[in-house]
Amino acid sequence: MRHEEQEAGGVSLDKNTLTRYEAIRERVAKAAQIAGRDPASIKLIAVTKTFEAEAIQPVLMAGHTRYGENRVQEALRKWQPLRKRHEGVELHLIGPLQSNKAAEAVALFDVIHSIDRTKIAAALAGEIEKQGKTPKLLVQVNTGREPQKAGIAPEEAEEFVALCRNQHNLDVNGLMCIPPFHEDPVPHFNKLAELREQCGLDELSMGMSGDFEQAIFYGATIVRIGSAIFGAR
Ligand SMILES: *Cc1c(COP(=O)(O)O)cnc(C)c1O
């Protein structure tokens, strides 16, 4: 009896994750439609930090391919085995990067969202050449100028992108931001969109569980959604 209840609990948990995932996909498509944009132009990153394989399984089984992690070690441990069982997984590093982890990051991730200083740009450039890999690269901008947060200051973004391209030969594809938790995100989304124009880039990585619809309205091409799919952390 007890065993059956536990099993039923497990199954209903999976169903909840799948239901939430499908609801998020619908909301992304709806937000795109409202903004007059093609839903296919918006990439949904399922953010799996702190969640283990079992919790991620329903989304993998649904055929979702794009996942985000914020720590290199956690991502290695979790995704090396998962990738052997699931083809076509595209992994995004969305957390801050230390230069001593650049080799592992380049080996594991397809997209790195968090380039924000010269030392990281140089370390990545070295590893990209050495490993012969071509991850997509985004520069993180600290639009809220929060001292505890990673990211280049908004007024330095254009020069930094140019330095990444010209001095380090990095193929920068876009910009990423995380607006301050307690502020209206819209001015931050607007600022990032404006900087993208200035820098002549394609990708705008912005919008999380609480604000992705607004981010899409203001031009996000990549949204990073965790708790609205997998539950509270
Ligand atoms: C955790 C995280 C997310 C996802 O946040 P949710 O509010 O759970 O959707 C998105 N981006 C970054 C950089 C994160 O660290």
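Quick note, this note's numbering runs 6 ahead of the 1-based positions in the sequence shown.
The C-beta atom is built at its ideal place from N, Cα and C for all residues, glycine as well.
Keep in mind the model is a prediction, meaning the values are calculated, not measured.
{"Item": "Since Met-182 contacts Leu-144 with CB under 8 Å, what's their CB separation in whole angstroms?", "Value": "5 Å"}
{"Item": "Quick one: what's got a C-beta closer than 8 Å to Asp-44's C-beta in the same chain, skipping five residues either side?", "Value": "Ala-38"}
{"Item": "Give the DSSP-derived three-state secondary structure of Ile-231 in the structure shown.", "Value": "strand"}
{"Item": "Quick one: what's got a C-beta closer than 8 Å to Leu-88's C-beta in the same chain, skipping five residues either side?", "Value": "Ala-59, Ile-62, Leu-66 and Val-95"}
{"Item": "Mind checking who Leu-144 pairs with in its DSSP beta bridge?", "Value": "Gly-180"}
{"Item": "Considering only heavy atoms of ligand 1, does any lie closer than 8 Å to the CB of Met-67?", "Value": "no"}
{"Item": "From the DSSP output, in three-state form, read off Ser-47 for me.", "Value": "helix"}
{"Item": "Could you tell me if the beta carbon of Asn-76 falls within a distance shorter than 8 Å of some heavy atom in ligand 1?", "Value": "yes"}
{"Item": "Helix, strand or coil for Tyr-224, going by three-state DSSP, please let me know.", "Value": "coil"}
{"Item": "Quick check: does the Cβ of Ser-105 come within less than 8 Å of any heavy atom belonging to ligand 1?", "Value": "no"}
{"Item": "In chain order, what residues of the same chain have a beta carbon less than 7 Å from the beta carbon of Ala-129, not counting five sequence neighbours either side?", "Value": "Ser-105 and Ala-108"}
{"Item": "Check whether the Cβ atoms of Pro-185 and Thr-149 lie closer than 9 Å to each other.", "Value": "yes"}
{"Item": "My output table needs one value for Glu-93: the three-state DSSP class, helix, strand or coil.", "Value": "coil"}
{"Item": "With a floor of 3 residues, list each beta strand (DSSP E) that falls wholly inside the segment 107-179, ordered by position along the chain.", "Value": "117-121 and 142-146"}
{"Item": "Roughly how many angstroms separate the alpha carbons of Gly-101 and Arg-31, rounded to a whole number?", "Value": "23 Å"}
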